[in-house]
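Asker:
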Amino acid sequence: MRKKIVAGNWKMNKLSDSAKALFEEICAHSQQFGNVTVMVAPPSLYLAAFAKSATSKVCIGAQDVSAHNDEGAYTGEFSAAMLKSTGGRYAIVGHSERRSYHGETDALIAKKIRACLDAEINPVYCCGESLQERESGKHVQVVQSQINEALSGFSADELKTLVIAYEPVWAIGTGKTATTEQAQEMHADIRQFVSSKFGADFAKEMRILYGGSCKPSNAKELFSQKDVDGGLIGGASLNADDFLAIIKAAQ
Ligand SMILES: O=C[C@H](O)COP(=O)(O)O
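For the sequence shown, the numbering used here assigns the number 909 to the initial residue and increments by one for each residue that follows.
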């Protein structure tokens, strides 16, 4: 039985005081999270303080991480090892906003996954197709090729802590959610593809999150799909009531 994950990706939102207040409100409800793993990925400036004040039921994650694990001259970056040393547990890698605004490729993302695994940080690998790719019927092929490139250099044993987040780019921040059928279909395909690469036992255990305009009104239906193991939540994670309602929907 795969344990569900609800992860909040705050992106570049919230000044220090309001970030702290939101985080405290989430932590204050953590006794009600039941069997759901809850992860919060704030702007990286707040990571260390949040990790220090998190309850045991709230994990801290980074929105991105360096591909380098050795200390050195990489201005503006922080390593997975540094994240680990602050108490962080997860790192999102390959988010579509990193791909489109920073030109990140799956080859680079593979290095970030390697850096995470070396530092014992759980990578949350994001993949997903654009609207044009969906409309031209290439979505399955696009997502398989992303996964293939990012994960080919790893063994099943190395990837035990990997989480995949399927985020159709056309659904991110647009209010347009994938239908439950579209989400389930793609998640099942991802699991099948991963099974063909790493074996059925591995694929059966791997968590696949849905991301893209997930909100309290659609979370329960999405999370009830056989291959949807929770969500990577953007906009709706910025409001405690919405985020807590989504966590409830995963229980
Ligand atoms: O990482 C989160 C995703 O980009 C989803 O964002 P959204 O829930 O605002 O559509």
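Note that beta-carbon positions come from the ideal geometry of N, C-alpha and C, so glycine has one too.
Between which two residues does the beta strand (DSSP E) harbouring L1187 extend?
Answerer: Here the chain has residues from 909 to 1159 only, and residue 1187 is not among them.
Asker: For the alpha helix (DSSP H) containing R1115, name the first residue and the last one.
Answerer: Taking the sequence shown and counting its residues from 1, one reaches residue 1115 at position 207. Not the alpha helix (DSSP H): R1115 falls in the beta strand (DSSP E), residues R1115 to Y1118.
Asker: Residues bridged to G871 by DSSP?
Answerer: Since the first and last residues shown for the chain are 909 and 1159, residue 871 lies out of range.
Asker: Tell me the DSSP bridge mates of N1030?
Answerer: As a position in the sequence shown, residue 1030 is number 122, starting the count at 1. Bridge partners of N1030: Y998.
Asker: Taking only the alpha-carbon atoms, compute the straight-line gap between E1012 and V1048 and give it to the nearest angstrom.
Answerer: Against the sequence shown, residue 1012 aligns to sequence position 104. Against the sequence shown, residue 1048 aligns to sequence position 140. If I take the Cα positions, the gap works out to 20 Å.
Asker: Give the straight-line distance between the Cα atoms of L1025 and P1031, rounded to the nearest whole angstrom.
Answerer: Along the sequence shown, read from residue 1 onward, the residue named residue 1025 stands at position 117. Along the sequence shown, read from residue 1 onward, the residue named residue 1031 stands at position 123. Looking at the two C-alpha atoms, the distance is approximately 7 Å.
Asker: By Cβ distance, which residues of its chain are closer than 7 Å to C1122, with the 5 residues on each side in sequence left out?
Answerer: On the sequence shown, position 214 is the one that residue 1122 refers to. The answer, listed in chain order, is T1085, L1130, G1139, I1141, A1144 and I1154.
Asker: Only counting the same chain, and skipping five residues up and downstream in sequence, which positions put a Cβ closer than 6 Å to that of F1160?
Answerer: The structure shown has nothing for residue 1160, since the chain only spans 909 to 1159.
Asker: In this structure, how does DSSP classify A936 when only helix, strand and coil are distinguished?
Answerer: Taking the first residue of the sequence shown as position 1, residue 936 is located at position 28. If DSSP states are grouped into helix, strand and coil, A936 belongs with the helices.
Asker: With a threshold of 8 Å (Cβ to nearest heavy atom), would E1037 be considered close to ligand 1?
Answerer: Looking up residue 1037 in the sequence shown gives position 129. Incorrect: E1037 has no Cβ contact closer than 8 Å to ligand 1.
Asker: Could you check if S1060 belongs to the surroundings of ligand 1, using beta carbon to heavy atom distance under 8 Å?
Answerer: Looking up residue 1060 in the sequence shown gives position 152. No, ligand 1 has no heavy atom inside 8 Å of this Cβ.
Asker: How about the stretch 974 to 982 and the stretch 943 to 962: do they share at least three Cβ pairs that are nearer than 8 Å?
Answerer: No: fewer than three Cβ pairs fall under 8 Å.
Asker: Can you tell which of S1103, C1034 and L1016 has the C-alpha that lies nearest to the C-alpha of N917?
Answerer: The residue you call residue 917 lines up with position 9 of the sequence shown. It is C1034.
Asker: Give the secondary structure of M947 by DSSP, where H, G and I count as helix, E and B as strand, and everything else as coil.
Answerer: Taking the first residue of the sequence shown as position 1, residue 947 is located at position 39. Reduced to three states, the DSSP call for M947 is strand.
Asker: Between the Cα of G1061 and those of A959, K1019 and R1007, spot the shortest distance and give me the residue it belongs to.
Answerer: If you number the sequence shown from 1, residue 1061 lands on position 153. Comparing Cα positions, the closest option is K1019.
Asker: Is any heavy atom in ligand 1 found nearer than 8 Å to the beta carbon of C1034?
Answerer: As a position in the sequence shown, residue 1034 is number 126, starting the count at 1. It does: the Cβ of C1034 is within 8 Å (strictly closer) of some heavy atom of ligand 1.
Asker: Note the first and the last residue of the continuous beta strand (DSSP E) segment covering A970.
Answerer: For this step, residue 970 is matched to residue 62 along the sequence shown. It spans V966 to A970 - the beta strand (DSSP E) in which A970 sits, taken as one unbroken run.
Asker: Bridge partners of A1073, per DSSP?
Answerer: As a working note, residue 1073 is residue 165 in the sequence shown. Paired residues: C1034 and L1117.
Asker: Is it the case that the CB of G1081 approaches a heavy atom of ligand 1 more closely than 8 Å?
Answerer: Stepping through the sequence shown from its first residue, residue 1081 is reached at position 173. Indeed, a heavy atom of ligand 1 lies less than 8 Å from the Cβ.
Asker: What do you get for S964, buried or exposed, if any count of 16 or more other CB atoms within 10 angstroms of its CB means buried?
Answerer: Within the sequence shown, residue 964 is the residue found at index 56, counting from 1. It is exposed - the Cβ of S964 has fewer than 16 other Cβ atoms within 10 Å.
Asker: Where does F1106 fall in DSSP's three states?
Answerer: The residue you call residue 1106 lines up with position 198 of the sequence shown. Three-state DSSP puts F1106 in a helix.
Asker: Excluding five sequence neighbours on each side, which residues of the same chain lie with their C-beta closer than 6 Å to the C-beta of H1003?
Answerer: As a working mapping, residue 1003 is identified with position 95 in the sequence shown. Counting only Cβ-Cβ distances below 6 Å, and skipping sequence neighbours, we find C1034.
Asker: Hey, A956 and K992: beta-carbon distance below 9 Å or not?
Answerer: For this step, residue 956 is matched to residue 48 along the sequence shown. For this step, residue 992 is matched to residue 84 along the sequence shown. Their beta carbons are not under 9 Å apart, which means A956 does not touch K992 by this criterion.
Asker: Where does D1065 fall in DSSP's three states?
Answerer: In the sequence shown, residue 1065 corresponds to position 157, counting from 1. D1065 falls in the coil class under three-state DSSP.
Asker: Thinking just about the alpha-carbon of each residue, which of R1115, E1113 and L1152 is nearest to the one in A936?
Answerer: In the sequence shown, counting from the first residue as 1, residue 936 sits at position 28. Residue L1152 is the option with its Cα nearest to A936.
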